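Asker: These protein sequence lines map, in sequence, to chains A and B. Be aware that the first sequence starts at 322, since it is given in the numbering used here, and climbs by one per residue. Be aware that the second sequence starts at 322, since it is given in the numbering used here, and climbs by one per residue. We put the CB at the ideal spot given by N, CA and C, even for glycine. Please read all numbers here as calculations on a predicted model, not as lab measurements.
Protein chains: 2
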Amino acid sequence: MKTRNLSLASIPEVKVNDKVFKQRIEACYKATIPSSLKQCKETGRIDAFKLDWKPGMDKEPHVFWDSDLAKVLEGVANILAIYPDADLEKQYDEIIDLIASAQQPDGYLNTHFTVVRPERRWKSLYHDHELYCAGHMIEAGVAAYELLGKKKLLDVVCKYADYIDSVFGDEEGKRRGAPGHEEIELALIRLYKATGNERYLKLSKYFIDERGRAPNFFVEVEGINDWDVINHQAHILVREQTDAVGHSVRAVYLYSGMADVAALTNDDALFQACERLYKSITQKRMYITGGIGSAFWGEKFTKDYDLTNSTLMYAESCAAIGLVRFASRMLNITGDANYADTMERSIFNGILSGISLSGENFYYTNYLELNDTTGFYNFGSRERQPWFHCSCCPTNFCRFIPEMLQYVWSISDDELLLNIPVANSYKNKLGEFEVCGGYPYDGKITISVKDSAKENLPLSIRIPGWCDKYTLAQNGKSVETKPENGYVKLFVNTGDTIECNLEMPIKVMRSNLKVPSNTGRIALMRGPLVYACEAIDNPNGLINMIIDKNSSFELVKVDGLPEETICIKGKAFYEQAQDDALYTDKTFDQIPGEFVAIPYALWSNRGDTNMSVWIRSN
Amino acid sequence: MKTRNLSLASIPEVKVNDKVFKQRIEACYKATIPSSLKQCKETGRIDAFKLDWKPGMDKEPHVFWDSDLAKVLEGVANILAIYPDADLEKQYDEIIDLIASAQQPDGYLNTHFTVVRPERRWKSLYHDHELYCAGHMIEAGVAAYELLGKKKLLDVVCKYADYIDSVFGDEEGKRRGAPGHEEIELALIRLYKATGNERYLKLSKYFIDERGRAPNFFVEVEGINDWDVINHQAHILVREQTDAVGHSVRAVYLYSGMADVAALTNDDALFQACERLYKSITQKRMYITGGIGSAFWGEKFTKDYDLTNSTLMYAESCAAIGLVRFASRMLNITGDANYADTMERSIFNGILSGISLSGENFYYTNYLELNDTTGFYNFGSRERQPWFHCSCCPTNFCRFIPEMLQYVWSISDDELLLNIPVANSYKNKLGEFEVCGGYPYDGKITISVKDSAKENLPLSIRIPGWCDKYTLAQNGKSVETKPENGYVKLFVNTGDTIECNLEMPIKVMRSNLKVPSNTGRIALMRGPLVYACEAIDNPNGLINMIIDKNSSFELVKVDGLPEETICIKGKAFYEQAQDDALYTDKTFDQIPGEFVAIPYALWSNRGDTNMSVWIRSN
């Protein structure tokens, strides 16, 4: 395999001036981070590291608590890299000190298995979250070091990783095993990249290769059912896997680590498995919003084309976040814009839907339809919540929201890719670049090369998969180069101006006819944005609405949404019954009217209301 | 309240000559009963009554085993009342002897709580099935006596019921309690009617009144959660209940007992509760097939209009059977044909769908749509199965299939109601009557009064709710009487001939617009029959099918179904995509073609195939 050797942009190098990322990142700084730290304090997730919990006391450290705090800390590092804040930094340092104090002499670091069930250390990799927590702590340590130059947590996690490496492996005296909840694989790669210590790359590769290896560790040692190990992607060797199966967050975390290892070890078989699994997800098991894992029970992938929109659907926020991480790794290996299309789809739709504009409330489940019958099974509330017992999603948002900056660009030693052209300035080793425009609401963007570190620097501009028609001009001269893998490669110099117009008409989208839930229905998209109708804007009803696809749609503003938000208005028919019978042979009247659709990610920001992405059409 | 004091026909008094009931009852005799007895033997359900199970042995008697055998025995009694069979009767008598031998000196009779967990007798009414098993054994005892004149099992169950009555009640020294799985309420009424012993009526009424009474027994004594008792209809007093909630089989068994007690005790409040609950079911929570309980998890009612057709749906066979029992009781109180409409809807559609034409295989779940994505949650097989670990449905079919004869007529001391006009002859205390015709495939029926025990006997003919147009003539003279409560009341004498033509055009049915699953879809009905499209007859696809409702439909025969079966053919369009993209902005082609629909109850009798009741329409 051949890798393009690209990396994502580094958070502090990208300053956004746009209307979507900027607002979201500010809300993360002002609301998400403080409220998450407060929740970690109040629920006991911070004080657990004092290791003074005793049986009978409340706030018993849970197996996944460490991961929550680690994710918040990683988020704090991301945010501090954007907004220096002495008070926040002090709080951050104190928590790191506390965590460091909880590390055991052998390097072990886990509150639950130190104070609650010490006898179970490494005994239940399948069900418990020991290596998962370790992975998140490692990521937090790497972020502290790379973004803030703080070495204390890095040293802690290196010591912990060294200890883990002394426990697991094929070598004599080590035990076999792989995490039940994947995460440490990708974390070890980050640690390897931050430290250069190949031990971590090797350990990550071990965990990946061990997964599904016969005799199956989970089955033989931990007594998991043969047919249950598929839920954690451990039914066969990862290189042989073809369908994205099981718990969807675990799956995409694993695939991210696989892609990392494939790139670093030039492992073509592993890369091909990643390609297959990516196709399985994006061609057969992904919502139009970029959400994945359609089953509430088990938070799982189900079957090809099983993408129900309501009662039982899931599309966990964390899963879409993980998909972006996986896709970004594949993008950096291949330079193929299809991966950036997926990243963009999930970010602007199925991920940002998971967090309120205020940054304070979160969806675990990202419904595509909320109606009066929704929610019998999925006991989640109709509105976003500030925290959950299992609070993986809010804490993931702490780190993901600032992390969005990374995905704007990819960079290597000698080239640059503009992935998501939100307004931003990007200063890096190759120069300084500014993107202006109103993306994602406007496809007109201007790229100014403020400073290029070398002549004729290759700068590739992504032409999104949704864009059928565009114009591109460099210094006023039309560019005739055709896109390759979805990117138009230009060669730029200091002072260059590139003008790009990605036309974004409203598109009437349909699902593959194998998706039973969506037949007869359309969804509206404009540019990368998926639209949804909320009952609050459509008082004549949603499930009785039939969009007149032959009418012309217009772009409108809707009260109560951020000023720049572009919404869609058009004609619709509203079915009306002649009576209230449950079943009738009477025909329905079709009353002509209008509909209004808003960007899906912004739904449920104006109170409790029904919503639908897929609407019937004539 | 005023009751019409009607009863259902007695099984031996009705001889059917039709093409649906007769075939089904024969299959029950030839296949269902023998295979169920065999399963009861092989699984240990019969030998459990030897009471020789010891810890460590296999075939540990399960808490619901006794009920399965009791239901099969009741089915055998029903069948023997139709088809005398010495071999079957011998087997039946031997099983009864064995059961009688297992009765404890105090009257107690339960295999599980005698040999497996004797210390738990009456300790867990909510979760275990002790009183439920007792109820089914009582029903078996009554059937043995009433249909075959056999008193042994009746004596056993009287002794058992007397013992139960000595245990439960409000009187000093008795304990409070009500069944977690209702059933004994209606069984005790049957026992009361068979014996005249008011003790059983009183005990039934006690169980009904106890349910939900504060302080809640299940909560206070058994430690069930406050919010969990709703699953067993014990959240408030039954008289105050308005929505059909919780486990659907338990619900309709309870409501049946409530209707019985209301009629016998002239309890208007109880009757009104029954009316409310019946409306809750039939106006908001019932499939068009008469199936109820839409949630796979918990086998429950969910929310109004939550009637999904596939992935998570349930519509347990037993629940539809229980609904018929409940509706029949309401019919006999009121003489209102709306109840007979529901009985007929469930019998011809959502109940007969649960059993193969051969009588050997059963659905627990009665899907309204089976497609390639169905079945991730509901682990049931796509095809009917011969038996289940929890085998309530097959054993319920043993008794229900012959029981269908009962529902054909209602009778009191001085009047007769023809509820379901399948071809049959009915000889009873009021005379002898013959119905000819091809119902339910043909609406033309002829009723001959072979013998009337009195002059001008009131005979009421049901004009089904689905029938908009009919003609009725008595002895060649057109009858002008309008139907009252859905029945036209005639006064007949020996030798009279009544000719009735219930027109049954094909009807295009729609769901209430509050049912999200069915918007934009139609179902076809003809007479009482709901139709469904099977993939085997529609090779161009089901979920991409759009029925052209403006085309004329024709009645056709379809190979592989019983000869008399009338199917429907018409025009449809088949959507075809231009590529295999998961989401596309390309339009679909609509290829004109035809569709074929068969009676829903007959689906899945020609191999594994997809199916749908609700189909899109233009």
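Rounded to whole angstroms, what's the CA-CA distance from A/Ile-775 to A/Ala-844? Just pull it up for me.
Answerer: A quick correction: the sequence has Lys, not Ile, at residue 775 of chain A. Answer to the nearest angstrom: the Cα atoms are 45 Å apart.
Asker: What's the gap between the Cα of A/Ile-936 and the Cα of B/Pro-723?
Answerer: Approximately 46 Å between the Cα atoms of the pair.
Asker: Using a cut-off of 7 Å between C-beta atoms, extract the partners of B/Gln-604 located in chain A.
Answerer: Going along chain A in sequence order, the residues near B/Gln-604 (Cβ under 7 Å) are Leu-903.
Asker: Please confirm whether B/Lys-907 has its beta-carbon closer than 9 Å to some beta-carbon of chain A.
Answerer: Judged by the 9 Å Cβ criterion, B/Lys-907 is in contact with chain A.
Asker: Nearest CA to the CA of B/Cys-713: which residue from B/Tyr-685, B/Arg-705 and B/Ala-398?
Answerer: Checking every option, the nearest Cα to that of B/Cys-713 belongs to B/Tyr-685.
Asker: Using the Cα positions of A/Tyr-608 and B/Tyr-660, report the straight-line distance between them to the nearest angstrom.
Answerer: Going from the Cα of A/Tyr-608 to the Cα of B/Tyr-660 covers about 43 Å.
Asker: Verify whether the separation of the beta carbon atoms of B/Glu-690 and B/Ser-631 is less than 9 Å.
Answerer: Result yes, Cβ atoms of B/Glu-690 and B/Ser-631 sit closer than 9 Å.
Asker: Which partner residues of A/Val-877 appear in the DSSP bridge assignment?
Answerer: A/Val-877 is bridged to A/Cys-888.
Asker: Enumerate, from N- to C-terminal direction, the unbroken alpha helix (DSSP H) stretches of 4 or more residues contained entirely within the region 513-561 of chain B.
Answerer: With a minimum length of 4 residues, the continuous alpha helix (DSSP H) runs that stay inside the region 513-561 of chain B are 519-531 and 538-541.
Asker: For the beta strand (DSSP E) that contains A/Ile-936, what are its first and last residues?
Answerer: Looking at the DSSP string, the run of the beta strand (DSSP E) that includes A/Ile-936 is 936-938.
Asker: To the nearest whole angstrom, what separates the beta carbons of B/Glu-531 and B/Ala-580, a pair I think is in contact under 8 Å?
Answerer: Contact flag wrong, Cβ pair sits at about 18 Å.
Asker: Express the C-alpha separation of B/Glu-541 and A/Leu-726 in angstroms, rounding to a whole number.
Answerer: Going by the C-alpha atoms only, they are around 56 Å apart.
Asker: At least one CB of chain B closer than 9 Å to the CB of A/Glu-620: is that the case?
Answerer: Cβ-Cβ to chain B under 9 Å: no for A/Glu-620.
Asker: Could you pull the start and end residues of the alpha helix (DSSP H) that A/Val-341 belongs to?
Answerer: Here A/Val-341 belongs to no alpha helix (DSSP H), and DSSP marks it neither H nor E.
Asker: Using a C-beta to C-beta distance shorter than 9 Å, which residues of chain A count as neighbours of B/Lys-624?
Answerer: The answer, in chain order, is Asp-693, Thr-694, Thr-695, Gly-696 and Phe-697.
Asker: With a 10 Å radius around its C-beta and 16 neighbouring C-beta atoms as the bar for buried, classify B/Trp-548 as buried or exposed.
Answerer: It is exposed - the Cβ of B/Trp-548 has fewer than 16 other Cβ atoms within 10 Å.
Asker: Please classify A/Tyr-791: does DSSP put it in a helix, a strand, or coil?
Answerer: Looking at A/Tyr-791 - three-state DSSP - the assignment turns out to be strand.
Asker: If we ignore side chains and look at the alpha-carbon of each, how far apart do B/Cys-719 and B/Lys-392 end up?
Answerer: About 7 Å.
Asker: I'd like to know if the region 471-478 of chain B and the region 567-583 of chain B are in contact, where contact means that at least 3 CB-CB pairs between them fall below 8 Å.
Answerer: Too few Cβ pairs lie closer than 8 Å, so no.
Asker: Is B/Val-424 helix, strand or coil by DSSP?
Answerer: For the record, residue 424 of chain B in the displayed sequence is Gln; it is not Val. If DSSP states are grouped into helix, strand and coil, B/Gln-424 belongs with coil.
Asker: Can you tell me whether DSSP reads A/Pro-804 as helix, strand or coil?
Answerer: If DSSP states are grouped into helix, strand and coil, A/Pro-804 belongs with coil.
Asker: Mind checking whether B/Ala-583 and B/Ala-508 have CB atoms under 9 Å apart?
Answerer: Against a cut-off of 9 Å, the Cβ pair of B/Ala-508 and B/Ala-583 comes out as no contact.
Asker: Given a cut-off of 9 Å on the beta-carbon distance, is the pair A/Tyr-904 and B/Arg-831 in contact?
Answerer: Cβ distance < 9 Å, so A/Tyr-904 and B/Arg-831 count as in contact.
Asker: If you measure between the beta carbons of A/Pro-707 and A/Phe-669, is that distance less than 9 Å?
Answerer: Contact flag unset, no.
Asker: When you compare the CB positions of B/Ala-407 and B/Leu-474, do they come within less than 9 Å of one another, or not?
Answerer: Cβ atoms of B/Ala-407 and B/Leu-474: not closer than 9 Å.
Asker: If A/Gln-344 and A/Pro-913 are in contact, beta carbons under 8 Å, what's the gap, nearest whole angstrom?
Answerer: 37 Å between Cβ atoms; not a contact.
Asker: Kindly indicate the opening and closing residues of the alpha helix (DSSP H) around B/Pro-355.
Answerer: Taken as a continuous stretch (DSSP letters only), the alpha helix (DSSP H) holding B/Pro-355 covers 354-364.
Asker: On the CB-based measure, 16 or more other CB atoms within 10 Å of its CB, does A/Cys-854 come out buried or exposed?
Answerer: A/Cys-854 should be labelled buried.
Asker: So, does the CB of A/Ala-636 fall closer than 9 Å to a CB anywhere in chain B?
Answerer: No, A/Ala-636 lies away from the interface with chain B (no Cβ there is under 9 Å from its Cβ).
Asker: Below 8 Å on the Cβ atoms is my contact criterion, and I expect B/Phe-539 with B/Ile-505 to pass it. Report the Cβ-Cβ distance as a whole number of Å.
Answerer: About 16 Å separates the two Cβ atoms, so there is no contact after all.
Asker: Quick one: residues in its chain with C-beta nearer than 6 Å to the C-beta of B/Asn-861, no 5 flanking neighbours on either side, listed in chain order?
Answerer: Contacts found: Tyr-895 and Gly-914.
Asker: What I want to know is whether the C-beta of B/Phe-894 ends up closer than 8 Å to one or more non-hydrogen atoms of the ligand FMN.
Answerer: Because no ligand of any kind appears in the structure shown, any question about the ligand FMN cannot be addressed here.
Asker: Which parts of the region 559-588 of chain A are runs of the beta strand (DSSP E), unbroken and 3 residues or longer, counting only runs that do not cross its ends?
Answerer: Segments of the beta strand (DSSP E) lying fully in the region 559-588 of chain A: there are none.
Asker: Restricting to Cα atoms, I'd like to know which of B/Ala-565, B/Thr-586 and B/Ile-551 is closest to B/Ile-510.
Answerer: Nearest C-alpha to B/Ile-510: B/Thr-586.
Asker: Please confirm whether B/Gln-360 has its beta-carbon closer than 9 Å to some beta-carbon of chain A.
Answerer: Not one chain A Cβ lies under 9 Å of B/Gln-360.
Asker: Around the Cβ of A/Ala-461, are there at least 16 other Cβ atoms within 10 angstroms (buried) or fewer (exposed)?
Answerer: The residue in question, A/Ala-461, is buried, as its Cβ has 16 or more Cβ neighbours within 10 Å.
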